[in-house]
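Data block below; observations after.
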Amino acid sequence: MKKVTKTVSPYSSHIADVETLGHFIRAQRTAEGLTIEQAALSIGIAKQTLADLEKGKSTVGIGIVLRIVSDLGLNLFVADKQDSKAVTDFIRLRPYDTGRIK
């Protein structure tokens with residue numbers, strides 16, 4: 004059985020490029036203790052497709068990306084550039100901090 008080495012998730016949840024998205028996906032997969040083979044089999048994609056995305060290759064189609072993200076228990080959010088800091092700050096708030104939002 005292969006050992007899964009956990010990858011630390013990036014500090015910022017702002018994804019500006021495929022490399023950062025790939026890093027988030029790898030961090031989530033390894034946090035769940037899944038090898039790349041196990042995750043690909045569970046999602047129903049080729050191991051190479053998942054490996055390519057985790058390495059930041061932009062050859063993976065958006066439909067597959069969305070399926071990978073969903074199957075790994077992640078969400079993607081889209082926001083206007085001008086609102087991205089506010090959205091990121093809001094996501095980081097703990098549930099009991101939401102009263103501070105005006």
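Using the working numbering, the first residue of the sequence shown is number 4, and each one after it goes up by one.
Even for Gly, the Cβ is constructed at its ideal location relative to N, Cα and C.
Given the structure is predicted, the values throughout are model-derived calculations rather than measurements.
In angstroms with no decimal places, state the Cα-to-Cα distance between residue i and residue j.
i	j	result
Leu79	Ala54	19 Å
Glu22	Leu44	22 Å
Lys88	Leu96	13 Å
Lys84	Val72	22 Å
Lys6	Ala82	37 Å
Asp86	Ile94	12 Å
Val63	Thr10	21 Å
Ala19	Met4	35 Å
Thr91	Ala30	19 Å
Ala42	Ala49	10 Å
Ala34	Gly47	20 Å
Considering only the beta carbon of each residue, do residue i and residue j sit closer than 8 Å?
i	j	result
Ile2	Leu56	Here the chain covers residues 4 to 105 and nothing more, so residue 2 does not appear.
Arg32	Leu75	yes
Gly36	Gly59	no
Ile67	Thr52	yes
Quick check on the DSSP output: the alpha helix (DSSP H) that includes residue i runs from which residue to which?
i	result
Phe93	Ser87 to Arg95
Give a yes or no on whether 8 Å exceeds the smallest Cβ distance from residue i to chain B.
i	result
Leu37	Reference to chain B is not applicable here, since this structure consists of a single protein chain.
4 or more residues per run - each alpha helix (DSSP H) lying fully within the stretch 31-73: Counting only runs of 4 or more residues that sit fully inside the stretch 31-73, the alpha helix (DSSP H) segments are 39-46 and 50-57, in chain order.
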